[in-house]
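Please read the structure below before turning to the comments.
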Amino acid sequence: MTTQETIELFDKYVIANYGRLPRVITKGEGCYLYDADGNKILDMFPGWAVSAIGHCHPRVVEALRKQAGELLHIDNTFYSEPQGMLAKLLSERAFGGKCFFCNSGAEANEAALKLARLHTAEQKYKFITAEGSFHGRTFATMTATAQPKHHEGLLPLLPGFVYVPFNDIEALEAAFSDEVAAVMIEPIQGEGGINVATAEYLQAIRRLCDENGAVMILDEVQTGIGRTGKWFGYQHFDIEPDIITMAKALGGGVAIGAMMATEQVAASLIPGKHASTFGGNALVCAAGVAVIEAIEEDNLLENANRLGQYTMDKLQQLKQKHSIIDSVRGVGMMIGLQLNGPGAVIVNKCLENGLRINCTQGTVLRFMPPMIANQSQIDQAVEILDSVLSASAKMSP
Ligand SMILES: *Cc1c(COP(=O)(O)O)cnc(C)c1O
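My numbering numbers the first residue of the sequence shown as 5 and each following residue consecutively.
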């Protein structure tokens with residue numbers, strides 16, 4: 005099929021709820037995408053943070069092939085080895101909690117919100133979330149997402165949610181009461197524009213949750229599984245949450261989500277209270293195990309730290325050169341460039357020149373390189389961005 009023919013299929017048969025780039029991707033390999041017209045694209049935003057160890061990582065592909073030959077799916081009426089193994093590997097790399105498996109980030113957050121209500125006293129029903137957050141698209145997680153643009157046309161929202169400005173301890177203290185069941189927060193806001201929480205802020209959440217008998221939920225859907233140079237984002241901040249949620253990078257490209265809760269909190273999720281038909285099936289959990297093994301055996305956390313710092317330094321140098329860049333921020337391989345002008349046109353120009361990056365909140369360019377990237381790939385990406393910024397500076401008055 006030609007690119008045009010595929011696009012026509014979409015125009016006729018696929019709901020137009022995404023703004024898509026006019027490319028048909030036919031192959032992904034490591035840091036590269038290939039389209040139906042034979043173009044090779046350097047991917048610095050692989051799979052919207054899903055393909056964090058690169059496209060089609062050989063270990064993940066091999067694990068999927070092997071598992072597919074044995075057992076694809078078995079419902080949670082039974083036990084299966086990959087789910088148990090994945091839970092163990094995750095638990096050992098976080099705070100020793102227990103896991104519930106589902107199929108996406110939103111579902112993991114739904115599970116966390118439900119568990120927080122189940123675990124806390126009856127009068128506790130409120131959830132505190134932060135402005136600029138992103139927690140998903142289901143009704144509860146959309147309501148938790150404190151961005152008015154995501155609520156337009158969808159009112160009324162779910163009751164019980166309270167929004168506070170991000171990184172503002174006083175506002176958090178003012179919002180707290182004994183009616184609060186949980187605080188849910190991203191340690192680094194992703195869709196919100198790569199906004200890094202301060203350690204003091206996360207520590208204040210921990211303290212206020214403890215004082216008020218509330219549950220601290222960290223949404224690690226974007227920050228989890230090595231992206232920041234540690235297994236989980238919270239590990240940069242000297243705190244331990246009660247619940248973390250994860251998805252995106254966890255399956256290396258297959259659909260999986262997970263919630264991990266401390267043993268004490270997890271005990272409140274008893275049979276009949278929550279479930280997922282597909283959740284934790286053998287195929288996706290085998291992929292998850294392979295992702296963790298790949299990160300460990302190929303030293304990808306170390307690479308994310310080292311190369312993340314290298315990327316930040318290179319982008320800081322670009323800032324000296326291009327006045328459209330206001331600031332560069334991030335942790336590990338999760339990096340944002342705050343522009344003082346629109347970013348979408350830059351993203352499109354980069355793609356025309358063989359580089360995929362992303363823009364969020366209109367003016368924040370997101371660089372989230374695969375953890376397997378090497379220095380020359382980063383150099384190449386920064387070079388393309390540099391030339392695109394130079395060309396667009398010439399075009400605008
Ligand atoms: C992407 C994202 C979600 C939603 O994940 P889905 O798999 O799209 O449901 C939730 N929280 C954060 C922080 C995310 O980045």
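Each residue gets a CB set at the ideal place from its N, CA and C atoms; glycine is no exception. Computed from a prediction, not measured in an experiment: that's the story for all the values here.
Closer than 7 Å: residue i CB and nearest ligand 1 heavy atom
{"i": "Leu231", "result": "According to the sequence as given, residue 231 is Arg; it is not Leu. Not under cutoff, so the answer is no."}
{"i": "Gln268", "result": "no"}
{"i": "Gly256", "result": "no"}
{"i": "Cys195", "result": "The displayed chain sequence assigns Glu, not Cys, to residue 195. Checking every heavy atom of ligand 1 against the Cβ of Glu195, one is found closer than 7 Å."}
{"i": "Phe104", "result": "no"}
{"i": "Ser280", "result": "no"}
{"i": "Val187", "result": "no"}
{"i": "Arg141", "result": "yes"}
{"i": "Glu85", "result": "no"}
{"i": "Gly283", "result": "no"}
{"i": "Gln127", "result": "no"}
{"i": "Val295", "result": "no"}
{"i": "Val225", "result": "yes"}
{"i": "Phe138", "result": "yes"}
{"i": "Ala218", "result": "no"}
{"i": "Gly109", "result": "yes"}
{"i": "Gly228", "result": "no"}
{"i": "Ala271", "result": "no"}
{"i": "Glu190", "result": "yes"}
{"i": "Gly261", "result": "yes"}
{"i": "Lys153", "result": "no"}
{"i": "Lys252", "result": "yes"}
{"i": "Asn21", "result": "no"}
{"i": "Asn113", "result": "yes"}
Where the alpha helix (DSSP H) containing residue i begins and where it ends
{"i": "Tyr314", "result": "304 to 325"}
{"i": "Pro186", "result": "According to the sequence provided, residue 186 is Ala. The question's Pro does not apply to it. That residue, Ala186, is in no alpha helix (DSSP H); its beta strand (DSSP E) goes 184 to 189."}
{"i": "Glu147", "result": "The question names Glu, yet the displayed sequence has Thr at residue 147. 143 to 148 is the span of the alpha helix (DSSP H), which, as asked, contains Thr147."}
{"i": "Leu273", "result": "Premise fails: Leu273 is in no alpha helix (DSSP H) and is neither H nor E."}
{"i": "Arg2", "result": "Because the chain here runs from 5 to 401, residue 2 falls outside it and cannot be looked at."}
{"i": "Ser396", "result": "379 to 399"}
{"i": "Leu162", "result": "Careful: Leu162 lies outside any alpha helix (DSSP H) and carries neither H nor E."}
{"i": "Ala253", "result": "That residue, Ala253, is in no alpha helix (DSSP H); it is neither H nor E in DSSP."}
{"i": "Ile296", "result": "286 to 301"}
Host beta strand (DSSP E) of residue i (start-end)
{"i": "Ile329", "result": "329 to 335"}
{"i": "Lys130", "result": "130 to 134"}
{"i": "Ile361", "result": "It is not in any beta strand (DSSP E) - Ile361 carries neither H nor E in the DSSP assignment."}
{"i": "Arg370", "result": "368 to 371"}
{"i": "Met338", "result": "338 to 343"}
{"i": "Gly261", "result": "261 to 265"}
{"i": "Ile248", "result": "247 to 250"}
Give, in chain order, every unbroken run of the beta strand (DSSP E) that is at least 3 residues long and sits entirely within the region 71 to 101.
Here no run is fully enclosed.
Taking contact to mean 3 or more Cβ pairs, one atom from each stretch, closer than 8 Å, check whether the region 304 to 317 and the region 93 to 110 are in contact.
Inter-segment contact for the region 304 to 317 and the region 93 to 110 is absent: fewer than three beta-carbon pairs are separated by less than 8 Å.
Please determine if the region 129 to 143 and the region 261 to 276 are in contact, where contact requires at least 3 C-beta pairs separated by less than 8 Å.
As far as the Cβ criterion goes, the region 129 to 143 does not touch the region 261 to 276, which means the pair count is below three.
Curious, which full-length beta strand (DSSP E) runs of at least 3 residues does the region 169 to 219 contain?
Within the region 169 to 219, the complete beta strand (DSSP E) segments at least 3 residues long are 184 to 189, listed from N- to C-terminus.
Residue ranges of each beta strand (DSSP E) run of no fewer than 3 residues wholly in the region 17 to 75, ordered along the chain?
Given a length threshold of 3 residues, each whole run of the beta strand (DSSP E) inside the region 17 to 75 is given here in chain order: 29 to 33, 36 to 39, 44 to 47.
Below 8 Å, how does it come out for the region 9 to 27 and the region 215 to 226: are there three or more Cβ pairs, yes or no?
No: fewer than three Cβ pairs fall under 8 Å.
Using 8 Å as the threshold, is the region 239 to 252 in touch with the region 272 to 285, meaning 3 or more CB pairs across them?
The region 239 to 252 vs the region 272 to 285: no contact.
Inter-stretch contact (C-beta, 8 Å, three-pair minimum) for the region 197 to 210 and the region 256 to 265
The region 197 to 210 makes no contact with the region 256 to 265, as fewer than three CB pairs between them are under 8 Å.
Three or more C-beta pairs below 8 Å linking the region 322 to 332 and the region 82 to 90:
Result no; under three Cβ-Cβ pairs closer than 8 Å.
Using 8 Å as the cut-off, can you tell me whether the region 59 to 74 makes contact with the region 293 to 301, which would need three or more C-beta pairs spanning the two stretches below that distance?
Enough Cβ pairs lie closer than 8 Å, so yes.
For the 8 Å Cβ check, are there 3 or more pairs between the region 236 to 250 and the region 369 to 381?
Short answer: they don't touch.
Do three or more CB pairs link the region 329 to 338 to the region 351 to 360 at distances below 8 Å?
Judged by Cβ distances under 8 Å, the region 329 to 338 makes no contact with the region 351 to 360, as fewer than three pairs qualify.
Under 8 Å: do the region 276 to 285 and the region 33 to 45 share three or more Cβ pairs, one atom per stretch?
Touching, no.
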